[in-house]
Amino acid sequence: MNQMKRTFALALTLVSSLALTVAAQTSPAPTAAAAAPAGPPKVAVIAFQAVVGQTNEFQRDFADLQKKYEPKRTQLKTQTDEIEGLEKQLQAQGDKLSEAARASQTKTIDDKKKLAQRFAEDAQNDLTGEMNDLYNKIASKVFDVLNSYSTQHGFTLVVDDTPGQQQAPVVLYHAENTDISKAIVEAYNTKSGVPAPPPQAAAPPDAPKAAPKTPAAH
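Quick note: to get this note's numbering, add 9 to the position in the sequence shown (first position is 1).
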């Protein structure tokens, strides 16, 4: 029953916490490189997910979502209380029940647990889907504002520094003169002295490309 209680407790708080983590895997696609502004490079960072969650529009729509799921939260609590009451009743009766009666009540409790568990999982899946939709809707508009703001203020690079994100920081915006990928390749080829392979020796387009490992920091 302890595991069931933990499951119920989690489900009961689903609509009372800002579940931005359900959308943490969804990041806006980086914008195309903008024309390089005059002057020295300007770099900025932003906690993008937190910004989305702090907008007035998100706060308003999230409050509406909480209200929408309040009946399910209440229904789940009612189911949980009923199960706990039946378990206490079964324990209190002890040896007074016949083996058949005890087996019948135990089966009733197990059936109700399964129904409650299924209800909690369905509610969580529904909430997760709606939270994703809500986040993506607002994030898309925040991303447009970010691009305009970065251009107007002359930023050459904006990096998403959301704490705890599972992926590496995402470049949300960059000016053309911030991408040094080609320059690094050319510098490496010059230093190595290895000539470019003839066309027929080049890797086929669909050949797998192994990502180089980043050296450990010392």
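Glycine included, every Cβ here is placed at the ideal spot set by N, Cα and C.
According to the neighbour-count rule (16 or more other Cβ atoms, all chains shown, within 10 Å of its Cβ), is residue i buried or exposed?
| i | result |
| --- | --- |
| Lys81 | buried |
| Thr89 | buried |
| Leu124 | exposed |
| Val151 | buried |
| Ile193 | exposed |
| Thr83 | exposed |
| Ala112 | exposed |
| Ser159 | buried |
Going by DSSP, which residues form a beta bridge with residue i?
| i | result |
| --- | --- |
| Ile55 | Asp169 |
| His183 | Leu166 |
Hey, residue i and residue j: beta-carbon distance below 8 Å or not?
| i | j | result |
| --- | --- | --- |
| Phe164 | Tyr144 | no |
| Leu99 | Gln75 | no |
| Thr171 | Gln58 | yes |
| Tyr78 | Ala132 | yes |
| Thr117 | Leu95 | yes |
Return the residue from the list the options that minimises the CA-CA distance to residue i.
| i | options | result |
| --- | --- | --- |
| Val168 | Pro49, Ala56, Gln68 | Ala56 |
| Asp142 | Lys51, Pro50, Pro49, Asp70 | Asp70 |
| Lys86 | Lys191, Ala129, Lys146 | Ala129 |
| Asn156 | Val180, Pro206, Lys97, Ala205 | Val180 |
| Glu93 | Tyr158, Lys122, Ala177 | Lys122 |
| Pro49 | Ser201, Glu195, His162, Gly103 | His162 |
| Glu139 | Lys51, Val52, Ala72 | Ala72 |
What whole-angstrom Cβ distance do residue i and residue j have, given they're in contact under 8 Å?
| i | j | result |
| --- | --- | --- |
| Ala148 | Val61 | 5 Å |
Determine, for residue i, whether the minimum Cβ-Cβ distance to residues of chain B falls below 8 Å.
| i | result |
| --- | --- |
| Val52 | Structure shown: chain B not included; a single protein chain is present. |
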